[in-house]
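J.: This structure is in structure tokens; I'll ask about it shortly.
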Amino acid sequence: MNVQNPVAVTEVLSRKMDDRTCSIRKPMILRARQFEFMFPRPALVMGILNVTPDSFADGGRYADPRAAVDRGLELVELGADCLDIGGESTRPRAVPVSETEELHRVIPVIEQLARRIKVPISIDTMKPAVARAALQAGASVVNDVAANRADETMGRAVAEAHAGYVCMHMQGTPATMQDHPVYTDVVREVREFFLDRMRRLNDCGVAGDQIILDSGIGFGKSSEHNLQLLGALRSFRELERPLLVGASRKSFIGKLLGVELAERLPASLACACLAVEAGAQIIRTHDVAETVQAIRMTEAILAHRK
Ligand code: 7PJ
25 MNVQNPVAVT EVLSRKMDDR TCSIRKPMIL RARQFEFMFP RPALVMGILN
75 VTPDSFADGG RYADPRAAVD RGLELVELGA DCLDIGGEST RPRAVPVSET
125 EELHRVIPVI EQLARRIKVP ISIDTMKPAV ARAALQAGAS VVNDVAANRA
175 DETMGRAVAE AHAGYVCMHM QGTPATMQDH PVYTDVVREV REFFLDRMRR
225 LNDCGVAGDQ IILDSGIGFG KSSEHNLQLL GALRSFRELE RPLLVGASRK
275 SFIGKLLGVE LAERLPASLA CACLAVEAGA QIIRTHDVAE TVQAIRMTEA
325 ILAHRK
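Under our numbering, the first residue of the sequence shown is numbered 25, with each subsequent residue one higher.
Rendered as structure tokens:
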């Protein structure tokens, strides 16, 4: 021990305490209609299925319902623990889609997949009416990237169906969110958002064990904000809810490393592995097989950490 420098010793000791407390994972349960997941358990991989003509990572490939269903089946084969189906692109400056169009895109795909797969389906939507219809069609989770809304209709739809709910942080709306994101302390503000939303959701009848928290990488955040949130992920464990991380192929990777969309898999995997190490329980990805392999390896090593 370095007795000449007591400050350094205190720092080292408190860091050790941190590591120790973090490796004790509190049991948690996630309920989403007929599904129940007990944590700690291997992280869940959420496969992305965009039924849109304009999504930034795979726009147009699965716009046809038959192609979308086939892709959904393939993602499950590849190891997806759940599917996230979206009919409206939320990329920066995306053009909003009408409710009718969004329903037309996603409902037939959800109906068919719900009959054919055993893993939960999540509906990626900002519209309460689409969420309701998707739950009726067989979805079990609502992935709400607009959890910053003021009204309670989404919360009530989730409560009535006993669905899971991804509460994602976004500053602004997809149309404007990347114009000039500003925070005093992004990590503190996202934590306060989570606490406020969990209270409001409870008021709508959504139980704590239905809720998943997601800091919303890329949603009204600069590259620096995204890095701060990924770096502080561990601190969100104290909220005692499963944490979802969606960094797959996102543009901050391109900005940081100067790599095109098709070349972002290694960096996406780095985000996924470090997120799992920091305590994330759900990883949202376009590249299911690669992500499953990377995080299973990460978990095998973590299980041997002394
Ligand atoms: C996210 C999402 C995310 C959650 C998208 C893309 C952009 N939902 N939907 N978290 N990203 N919960 O796929 O790159 O990070 S759309």
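Even for Gly, the Cβ is constructed at its ideal location relative to N, Cα and C.
Bear in mind the structure is a predicted one, so any value in this text is a computation, not a measurement.
#1: Which residue's Cα is closest to the Cα of ALA153: ILE141, ALA185, ARG140, LEU137?
#2: For SER272, name the three-state secondary structure that DSSP assigns.
#3: Would you say the beta carbon of VAL169 is closer than 7 Å to some non-hydrogen atom of the ligand 7PJ?
#4: State the Cα-Cα distance for the pair ASP203 and CYS297, rounded to the nearest angstrom.
#5: Measure how close the beta-carbons of LYS50 and GLU323 come, nearest whole angstrom, since I'm counting them as under 8 Å.
#6: Using the three-state DSSP reduction, which class does MET70 fall into: helix, strand or coil?
#7: Could you give the uninterrupted runs of the alpha helix (DSSP H) lying entirely in the stretch 169-245, keeping only those of 4 residues or more?
#8: Per DSSP, what kind of secondary structure is ASP311 in: helix, strand or coil?
#9: Ignoring anything shorter than 4 residues, give me the alpha helix (DSSP H) runs that lie fully in the stretch 105-150, in order along the chain.
#10: Tell me the DSSP secondary structure of GLU60 in three-state form.
#11: Count the other CB atoms within 10 Å of the CB of HIS328; is the residue buried (16 or more) or exposed (fewer)?
#12: Would you please state the rounded distance, in angstroms, between the beta carbons of ILE134 and ILE145? I believe it to be under 8 Å.
#13: In whole angstroms, what separates the C-alpha of TYR314 from that of ASP108?
#14: Consider the C-beta atom of VAL190 and the heavy atoms of the ligand 7PJ; say whether any pair is separated by less than 7 Å.
#15: Cβ-heavy atom distance between ILE319 and the ligand 7PJ below 7 Å?
#16: For PRO116, I'd like the list of residues in its chain whose CB is within less than 7 Å of its CB, leaving aside the five on either flank, ordered along the chain.
#17: What's the gap between the Cα of LYS40 and the Cα of ALA302?
#18: Where do the N-terminal and C-terminal ends of the alpha helix (DSSP H) with ASP88 fall, by residue?
#19: What do you reckon, is the C-beta of GLY196 under 7 Å from a heavy atom of the ligand 7PJ?
#20: Give the DSSP-derived three-state secondary structure of ARG320 in the structure shown.
#21: Once the 5 residues before and after ASN167 are set aside, which same chain residues still bring their CB inside 6 Å of it?
#22: Is any heavy atom of the ligand 7PJ found at a distance shorter than 7 Å from the C-beta of ARG273?
#23: Let's see if you can read the secondary structure: which residues bound the alpha helix (DSSP H) around SER259?
#24: Ordered along the chain, which non-local residues of its own chain (more than five positions away) have a Cβ less than 7 Å from that of ARG273?
#25: Express the C-alpha separation of ASN226 and LEU268 in angstroms, rounding to a whole number.
#26: Just the Cα atoms here: how many angstroms apart are GLN317 and CYS295?
T.: Put simply:
#1: ALA185
#2: coil
#3: yes
#4: 30 Å
#5: Not confirmed; about 17 Å, so no contact.
#6: Under the three-state reduction of DSSP, MET70 is assigned to strand.
#7: 177-185, 210-228
#8: coil
#9: 123-140
#10: strand
#11: exposed
#12: 6 Å
#13: According to the sequence as given, residue 314 is Glu; it is not Tyr. The alpha-carbon atoms of GLU314 and ASP108 are separated by roughly 17 Å.
#14: yes
#15: no
#16: PRO198, MET201, GLN202
#17: Only weak support exists for where LYS40 lies, its pLDDT of 44 falling under 50; the coordinates are left without a value.
#18: From DSSP, ASP88 is part of no alpha helix (DSSP H); its letter is neither H nor E.
#19: Every heavy atom of the ligand 7PJ is 7 Å or more from the Cβ of GLY196, so no.
#20: ARG320 falls in the helix class under three-state DSSP.
#21: ASP108, SER146, ASP148, VAL190
#22: Correct: ARG273 has its Cβ closer than 7 Å to the ligand 7PJ.
#23: SER259: not part of any alpha helix (DSSP H); DSSP gives it neither H nor E.
#24: If we look at ARG273 and ignore the five residues flanking it on each side, its Cβ neighbours are ALA81, LEU285, ARG288, SER292, HIS310.
#25: Spanning the two alpha carbons is a distance of roughly 20 Å.
#26: 14 Å
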